Amino acid sequence: MKKYYRWIRKNIKLINAYVFFLLATVFIGLMFPNIGNFKYEYQKGKPWMHETLIAPFDFSILKPEKDFLAEMDSVMNNFSPYFNQDTLVAANQQNKLIEDFKKAWLNHYGATKLKTDSLLLNSLLSYFNSIYSRGILESVYSNSDYDLKKLNSINIIKRNISTRVNIKDVLTPRKSYEIINNWIRLNPDFEGFESFMQDLDISDYLKTNLDYDKKMSDRVKKNLISNISRTQGMVEAGTRIVLVGDIVDDNIFLVLESLKARYENILGTSRSIYLVRSGQGFLILTAMIILFIFLFNFRKNIIYNTKKLLFILMLIVLFVGLTTVFIKFQNLSVYIIPYALIPIVIRILVDSRTALFVHIASIMICGFLAPNSFEFIFLQLSAGIIAIYSLPRLERRGQLVVTAVITFFIYSFVYFAFAITQEGNIEDIKIYNFAWFALNGLLLTFSYSLIYIFEKLFGFLSDVTLIELSNQNHPLLKDLSRLSPGTFQHSLQVANLAEAAINVIGGNPLLVRAGALYHDIGKMKNPFFFIENQVAGKNPHDSLDFDRSAQIITDHVKYGVQIAKKAKIPQQIIDFIETHHGHGRVQYFYQSFKNKYPDREIDEDLFTYPGNDPFTKETAVLMMADSIEAASRSLKSKTPENIRQLIENIIDGKVKDGRFENADISFKNISQIKEIFSQSLINIYHGRIEYPKEN
C-alpha cells in the first residue's frame, strides 16, 4: 500500500493530466447534439464514390434553400402589419380643440359673431372626425419593423375588429394637416378668418392614433412562415438515388441532403441514440488521445504544467462550444468563428508545433458538427497553418492585422475554389460567406488583448512581453546600470553572446536575451564585491575569510530571485537567475580555502551556488555565455588561440561536471556554441591599428 501511495505522489501531475483530458472529453461530448452522422460523404459536382444508393425508407425532398427563401420573401412582401387604433386620441384632441378655439375666438372677436363661432367650430370638428376615422400613422418606425413606402396595405384593429386598409387611405400627421388646410381653404365659410386660423395652428391637434402591434404582427408572420412547405415531393423506399460514378448534380445533391436530414433525425430520436452518443464519445476520445500522445512524447513539460494544460484544453472546449451554439442559428455561420485564433495564440505563447497539433485536434472535433465537414476541415486547416507561419514572432500589434488579412484571403481563396467546383458557375456562389470571412478576420485582430489576458492568467510569456523586459529603460535594468555599471555591461555582452548562439542552434532569442539582462541583478545588493564593479587596487574580499567571500558571491543568486519576484518579473526570467551558475562551486575561493587550511574539514554548502542546473536550451546557453564572458576579461593575452582554448576548457569542464544533463542540448549544439563564442570574442578583442602620433 505504501508503494502505491508513493507511486501516486510521484506521478500526481501525470494523473491530473489524465483526469483533465477525460473531463474535457466528457464536456465536449455533452455539448454534442443528439443526432447521428450520415455515413456517406459527397460533394456537389464530384462523382459518387460509394456503392449504388437505394432509398432505405420513404422521405420528403427538401426545397432548395434559395427557393424557400424566395417563397418566404414573397410572403413577407405581401404581409400587412397590424396597428391598434386608439379612439381616445381623437376625443382628447377634439376636446382640446374646442377649448382652445373658444379662447382664441374671444381674444379675436369678443362675444360677437357667436353663430359664426359655432358654424366654424362644427366644420372643424367634422374635418377632424373624418381624419381620425381614417387613422393617423407615424411615417417612420424607430425599430424598422415596417416601411410605409414598401407597404401596400395595413390591418387596423378597432374594438377587436381587424380591417385591411389600403396604405394610400392611411394618413400621416403632415398629410392630415395638408388635407384639413385644403378643406378650410376651399370652404367659403372660412373666408375672412385666415388670421384667426393661423393663430389657432390646427397641426397641434393632429396626433397619431395608430400604434404598431408588434406582438400581433410577429405572431401572424410566424404563422405565415410556418405554413410555407419545406418539401417538394417524395422519394419512396427502394427507389435508386444515385449510381457509382454518377456526378452529384443539383437534383441528386438535393435528394441526398434530404435523405441525410431524415436519416440523422431518425437516429436522434430512436432507441439507437445511446449507440450514437457512444460513437460520438469514442471519436472525441480518439482526437483527445492523439493530442495527449503528442504532448506526452514531444511536449512533456506541458503535461506536467497544470496551467498550460488547462489553457490548451479550455481553448478546445471553448471553440467546440461556440460551434455547437452557432450551428443552431440559421442566420449565423460557423465561418464567423475565428478558429485560426487557436494556432495563433498557442504559437505565440507556446510554440508552432504544439499550435499545429492542438489546431488539428480542435478542427477534427468541430468537423463532426459543421456542415460540409470536408470543406470545413480543409478551410480551417489551410487558414490555421498559414496563420502559424505568417506569425513567426509577435513583436508588434500590426503583425496580427497582417495575419488577419492573410487569413481572410486564404479563407476566400479556398472557399472560392470549393464553390466553383461544386456549383460549376460563379453566379451561384454564396457571396455573403465572404462577409463572414471578413468578420472572422476582424475578430482575429482582438487576439492581442486575449494574449495579454492569457499571459496573466496562465503564466505564459509572449515575445511582446520579452521585448518590453529587454528594454534598457525598464526600472530594474536602470537600477542595475546605476548601482552596478560593470555588471550591467557584463550582462549586455552575455546577452549578445547567448543570442548569437541560440539563433544558430535553435531556441527563443528574445527569451535568452531577456534572461541574460536580468541574470545578475542580485549583484546590486553588494556590487563592489564583484570584480567588474571594483575600482583598481580596491578589493573588499582582501579583508574577508574565503568562506565569507564565497557566501557573498553565491548569495547574489538568492538576492536576484528576491529582487525579481518583488518587481514581478515572470518566472521564466527568474529561471535564468537561478540556473546561470547551476549547482556549481565558487572554485577560486574553494581552492584558496583548501590551500590555506589543508587539514580543516570543508563545508561544501558554503562554496556552492544555491541554484539548480539549467533545464532548457536557453538556460544552458546562458550559463556558458556568462562563464566565458567573465573569464575572457581576465585573459592577459587575448589571442585567437588563447580565446579558443579558454572556451574549450570552460565548456568541457561544465559538461564533465554534469551541468547540462537536464537541458535539451546536444554535443553538436555545444560544438556550434563553442565556434560562435570563439568568433564573437575574437571579433571583440581583435587587434586594432596603432594610429600615428601627431607632430
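Quick note on my numbering: the sequence shown kicks off at 389 and runs consecutively.
Cβ atoms here follow ideal geometry from the backbone N, Cα and C, with glycine treated the same way.
Here the structure is a predicted model, which means the values were calculated and not measured.
Candidates the options: closest to residue i by CA position
| i | options | result |
| --- | --- | --- |
| G667 | G417, R522 and N543 | G417 |
| F848 | P998, V738 and F467 | V738 |
| N639 | E487, L450 and I616 | L450 |
| D1001 | S980, A902 and F964 | F964 |
| F420 | E763, W571, Y906 and I661 | I661 |
| E1049 | P444, I725, L642 and T1007 | T1007 |
| S721 | F822, G894, V733 and D461 | F822 |
| G1041 | T1027, D1052, S1015 and E1029 | S1015 |
| L642 | I839, H438, F447 and S879 | F447 |
| I400 | F717, Y692 and E966 | Y692 |
| F467 | E1017, N921, Y723 and N554 | N554 |
| T875 | G948, F804 and A889 | G948 |
| R650 | E1017, F445, L402 and L885 | F445 |
| A955 | I890, N884 and P863 | P863 |
| F686 | I672, R741 and I677 | R741 |
| W493 | F581, Y820, K427 and F756 | F581 |
| D474 | L868, D601, A1013 and N1037 | D601 |
| L868 | A886, A883 and K911 | K911 |
| P915 | Q482, F804 and T942 | T942 |
| Q860 | Q975, Y906 and N540 | Y906 |
| L698 | N404, K391 and Q1060 | N404 |
| E566 | L441, Y515 and K926 | Y515 |
| L513 | G498, S541, K491 and A478 | A478 |
| I1053 | I442, F1003 and K926 | F1003 |
| L767 | I753, N483, M676 and A728 | A728 |
| L865 | L838, V1043 and G903 | G903 |
| I836 | Y799, V790 and N813 | Before going on, a small fix: residue 836 reads as Tyr here, not Ile. The residue with the shortest Cα to Cα distance from Y836 is V790. |
| M604 | Q620, N543, S1020 and K818 | N543 |
| S518 | K484, G498 and I568 | I568 |
| F981 | V705, N510, A412 and S937 | S937 |
| K913 | A625, D577, A805 and Q950 | Q950 |
Residue i, enclosing beta strand (DSSP E) - first and last residue
| i | result |
| --- | --- |
| S550 | I549 to N554 |
| R628 | R628 to V630 |
| K546 | S541 to K546 |
| T619 | T619 to V623 |
Residues near residue i by beta carbon distance below 6 Å, same chain, minus five either side
| i | result |
| --- | --- |
| R665 | none |
| W824 | S721, Y723 and I724 |
| L898 | D851 and L854 |
| Y1073 | K1026 |
| S530 | With a pLDDT of 48 at S530, under the threshold of 50, the modelled position of that residue is not reliable, and the figure given next carries that caveat. There are no such residues. |
| Y978 | F995 |
| T440 | L631 and V632 |
| N891 | P897 |
| Y998 | The displayed chain sequence assigns Pro, not Tyr, to residue 998. Within the same chain, P998 has close Cβ partners V945 and K946. |
Residue i Cβ short of 7 Å to the ligand MN heavy atom set
| i | result |
| --- | --- |
| S550 | The model depicted lacks the ligand MN and carries no ligand whatsoever. |
8 Å Cβ shell around residue i - same chain, five flanking residues per side excluded
| i | result |
| --- | --- |
| P873 | N921 |
| I734 | I700, L703, T742, A743, V746 and H747 |
| L827 | I724 |
N-terminal and C-terminal residue of the alpha helix (DSSP H) that residue i is part of
| i | result |
| --- | --- |
| Y565 | P561 to L574 |
| M1012 | K1005 to R1021 |
| S1025 | Note, S1025: premise wrong, no alpha helix (DSSP H); not H, not E. |
| M419 | I400 to M419 |
| A1051 | It is not in any alpha helix (DSSP H) - A1051 carries neither H nor E in the DSSP assignment. |
| V477 | T475 to Y497 |
| N342 | Residue 342 lies beyond the stretch modelled for the chain, which goes from 389 to 1083, so this question has no answer here. |
| M912 | Where M912 is concerned, there is no enclosing alpha helix (DSSP H), given that its DSSP letter is neither H nor E. |
| D557 | No alpha helix (DSSP H) holds D557; DSSP gives it neither H nor E. |
| L525 | Counting along the chain, L525 falls outside any alpha helix (DSSP H), and DSSP gives it neither H nor E. |
| F918 | Run containing F918: none; DSSP gives neither H nor E here. |
Contact belief for residue i with residue j at Cβ below 8 Å, rounded distance in angstroms
| i | j | result |
| --- | --- | --- |
| I524 | S583 | Incorrect: roughly 27 Å between the Cβ atoms, too far for contact. |
| V636 | Y430 | 5 Å |
| L779 | V900 | Contact doesn't hold; Cβ gap of about 20 Å is too wide. |
| T765 | I794 | Note that residue 765 is Ile in the sequence shown here, rather than Thr. That pair is no contact at about 19 Å. |
| K1062 | E1036 | 7 Å |
| A675 | A749 | 5 Å |
| E1017 | L871 | Contact doesn't hold; Cβ gap of about 20 Å is too wide. |
Contact set for residue i: own chain, Cβ-Cβ below 7 Å, skip 5 residues either direction
| i | result |
| --- | --- |
| F842 | F699, V733, L737 and F848 |
| S1066 | I1031, R1032 and I1035 |
Residue i at chain B interface by Cβ criterion, 8 Å
| i | result |
| --- | --- |
| D577 | Absent from the structure: chain B. Only one protein chain is present. |
Q) Which residue spans inside the segment 835 to 906 form an unbroken beta strand (DSSP E) run of at least 3? A) none
Q. What are the uninterrupted segments assigned as alpha helix (DSSP H) that are 4 or more residues long and contained completely in the segment 423 to 470, given in chain order?
A. 453 to 465
Q. Taking only runs of the beta strand (DSSP E) that begin and end inside the segment 571 to 600, which ones reach a length of at least 3 residues, in chain order?
A. 598 to 600
Q: Mind listing, in chain order, the continuous alpha helix (DSSP H) runs of no fewer than 4 residues lying wholly within the segment 631 to 697?
A: 638 to 657, 661 to 686 and 688 to 691
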